[in-house]
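A.B. asks: One gets my numbering by counting positions in the sequence shown from 1 and adding 135 to each.
Where is the CB? At the ideal position from N, CA and C, for every residue including glycine.
I'd like to ask you about the structure that follows.
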Amino acid sequence: MGGPSTPESHEPLRRRDRPLRARFLELFFDLVYVFALTELSQYLVRHFDWPGAGRTLVLLLPLWWLWALTAWATDTLEPSLTWIQVIVVTAMAGILVMAAAIPRAYGPESEIFAGLYVAINLGASISYTGVLRPVGLHRRGVRRGIWFAASAPLWIVGGLVHGLVQPLLWGLAAALEYVVGLLRWPVPGLGRSPLGELRLSGEHASERYRQVFIIALGETVLVSGQAYAQNGFSPTRLAALVASFATTALLGRIYIYRAGELLDRAITRSPTLWRVATPATHVHLLMIAGVVLTAAADQLLIAHPTGRAQPAWIAAILGGPALFLAGRALFDVTVFGRVSWSRLAGLLVLGALVPGVLLLPMVAVSVVVVIVLLGIAVANVASWRAHPRELATEPEQA
């Protein structure tokens with residue numbers, strides 16, 4: 136699966152003298168996330184309240200962590216190696232079953248979801264430790280394996296209990312993993328992962344982030360089309376479909392211009408890749424969470440275009456783009472070291488709209504959101520042309 140131009144060698148590290156575009160293996164791995172994100176948005180539609188949103192987030196966190204760790208691994212390691220392909224495809228199969236368990240993840244299939252997540256992380260950590268030992272980077276896998284072993288009891292016990300305790304335990308386990316990841320996996324006696332240990336290519340890493348974000352956008356197109364096909368034609372439903380597509384297209388435009396285009400340069404220019412790549416991972420999580428919420432709102436919008444929106448539906452129609460804009464503002468900080476005023480203005484406008492749209496039909500609320508996002512997209516272009524920004528730079532720190 137490494138592609139015909141990348142014959143297998145025995146060198147485990149990815150060679151930097153070859154094209155650093157994503158390989159077939161990596162694109163193939165991303166396919167499982169079309170299904171996973173669809174299941175998450177549909178779970179949210181079926182449990183459309185604040186507890187349901189919290190449980191959906193708890194399910195998204197481990198799935199996103201698996202994507203990020205696999206993306207970093209395939210950036211460092213040579214994807215044409217058979218052993219690397221076996222690890223990645225095995226992880227993909229496990230994630231597929233985890234995604235299939237999402238509808239019953241807080242019920243009879245909780246043990247499957249939690250058990251597979253633990254098994255994938257521990258198995259990958261052990262495998263990568265062995266692969267990296269010849270080049271002296273095996274401590275990276277050891278540190279991660281120790282922390283995943285530490286969080287495993289929370290996942291397993293959470294899978295065995297039900298009720299409020301289950302999402303609390305899983306949320307605590309996910310929070311632990313994200314925090315120690317930010318702290319570079321500190322382990323007594325082994326220390327933390329050195330800042331220079333993360334071998335990322337700016338070109339490759341930024342491409343992988345763009346690809347997974349496109350997967351998320353594709354999921355919104357998929358569920359919107361399915362919702363329209365299932366509910367049948369009407370003029371207002373067609374208008375709702377067009378509005379949902381316009382929202383998706385504008386989210387994509389706002390994402391890529393200009394930070395999405397320049398992330399590769401920001402990573403390359405950073406003296407410590409960790410300080411750009413790690414924040415980029417977490418801001419993409421926030422943006423994708425906003426897209427998943429938008430996808431759930433689109434399904435409700437297309438099913439009930441003329442209905443008066445319930446408060447929870449309003450929260451989703453406005454909150455999905457707002458969550459995306461919050462992540463996009465932090466993305467600006469990651470790349471440029473500052474926040475674009477249009478992101479903050481968009482957040483304020485969406486918040487101010489809440490009282491005024493409570494009496495509107497859902498399709499009208501969606502059109503209002505499209506107008507706000509269009510204004511942000513136009514403001515982005517005007518602001519950049521008037522005041523082009525420099526990439527963020529920072530001194531190297533130990």
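What would DSSP say about residue 530, mapped onto helix, strand or coil?
C.D. replies: Bear in mind that the predicted position of residue 530 carries a pLDDT of just 38, short of 50, making it unreliable; the figure below should be weighed with that in mind. Here residue 530 sits in coil by DSSP.
A.B. asks: Check whether the region 449 to 462 touches the region 392 to 403, taking contact to mean three or more Cβ pairs, one atom from each stretch, closer than 8 Å.
C.D. replies: no
A.B. asks: Is DSSP giving residue 443 helix, strand or coil here?
C.D. replies: strand
A.B. asks: Under the three-state reduction of DSSP, which class applies to residue 405: helix, strand or coil?
C.D. replies: coil
A.B. asks: Tell me which residues share the same chain as residue 146 and place their Cβ nearer than 7 Å to its Cβ, disregarding the 5 neighbours each side in the sequence.
C.D. replies: 213
A.B. asks: For the ligand NAP, is there a heavy atom less than 6 Å away from the beta-carbon of residue 175?
C.D. replies: This structure does not include the ligand NAP; it has no bound ligands of any sort.
A.B. asks: Checking the sheet assignment: what are the DSSP bridge partners for residue 322?
C.D. replies: 326
A.B. asks: Roughly how many angstroms lie between the CA atoms of residue 320 and residue 271, to the nearest whole one?
C.D. replies: 17 Å
A.B. asks: With H, G and I counted as helix, E and B as strand and the rest as coil, what does DSSP make of residue 194?
C.D. replies: helix
A.B. asks: Can the beta-carbon of residue 227 be found less than 7 Å from the beta-carbon of residue 296?
C.D. replies: no
A.B. asks: Go to residue 284, then tell me how far its alpha helix (DSSP H) extends in each direction, as first and last residue.
C.D. replies: 273 to 295
A.B. asks: As an exercise, report each continuous alpha helix (DSSP H) stretch of at least 4 residues that is fully enclosed by the region 408 to 467, in chain order.
C.D. replies: 409 to 438
A.B. asks: Enumerate in chain order the residues of its own chain whose CB-to-CB distance from residue 267 is below 7 Å, with the five nearest sequence positions on each side excluded.
C.D. replies: 147, 273, 275, 276
A.B. asks: Would you call the CB atoms of residue 432 and residue 455 closer than 7 Å?
C.D. replies: yes
A.B. asks: Go ahead and label residue 223 buried or exposed: buried means 16 or more other beta carbons lie within 10 angstroms of its beta carbon, across all protein chains shown.
C.D. replies: buried
A.B. asks: Rounded to whole angstroms, what's the CA-CA distance from residue 236 to residue 247? Just pull it up for me.
C.D. replies: 7 Å
A.B. asks: Would you please state the rounded distance, in angstroms, between the beta carbons of residue 312 and residue 430? I believe it to be under 8 Å.
C.D. replies: Not quite, the Cβ-Cβ distance comes to about 25 Å (not below 8 Å), so this is no contact.
A.B. asks: Compare the beta carbon distance of residue 460 and residue 482 with 7 Å and say whether it is the shorter of the two.
C.D. replies: yes
A.B. asks: By the DSSP assignment, the alpha helix (DSSP H) with residue 178 in it spans what residues?
C.D. replies: 159 to 181
A.B. asks: Nearest to residue 382 by alpha carbon, out of 293, 498, 188?
C.D. replies: Nearest of 293, 498, 188 to residue 382, Cα basis: 498.
A.B. asks: By DSSP's criteria, residue 496 is part of a beta bridge. Which residues make up the other side?
C.D. replies: Per DSSP, 443.
A.B. asks: What residue range does the alpha helix (DSSP H) around residue 250 cover?
C.D. replies: 245 to 267
A.B. asks: On a CA-only basis, which of 438, 278, 470 is nearest residue 256? Give me that one, please.
C.D. replies: 278
A.B. asks: Can you give me the start and stop residues for the alpha helix (DSSP H) that residue 362 sits inside?
C.D. replies: 337 to 366
A.B. asks: Closer than 7 Å by C-beta to residue 558: which residues in its own chain qualify, once you throw out the five before and the five after it? Chain order, please.
C.D. replies: Beyond the ends of the chain as shown, which are 136 and 533, falls residue 558; an answer cannot be given.
A.B. asks: With DSSP as the reference, identify every bridge partner of residue 508, one or two as the case may be.
C.D. replies: The partner list for residue 508 (beta bridge, DSSP) is empty, contrary to what the question assumes.
A.B. asks: Identify, in the order they occur along the chain, each residue of the same chain with its Cβ nearer than 7 Å to the Cβ of residue 424, setting aside the five sequence neighbours on each side.
C.D. replies: 192, 195, 458
A.B. asks: Can you find at least 3 beta carbon pairs, one from the region 366 to 384 and one from the region 162 to 178, that sit closer than 8 Å?
C.D. replies: no
A.B. asks: Which residue or residues does DSSP assign as beta-bridge partners of residue 148?
C.D. replies: 212
A.B. asks: Taking the alpha carbon of residue 372 as the point to measure from, which residue in 161, 324, 186, 496 has its own alpha carbon closest?
C.D. replies: 496
A.B. asks: Restricting to Cα atoms, I'd like to know which of 218, 201, 211, 261 is closest to residue 233.
C.D. replies: 201
A.B. asks: Would the beta-carbon of residue 375 fall within 7 Å of that of residue 281?
C.D. replies: no
A.B. asks: Indicate whether residue 183 and residue 351 have their beta-carbon atoms separated by less than 7 Å.
C.D. replies: no
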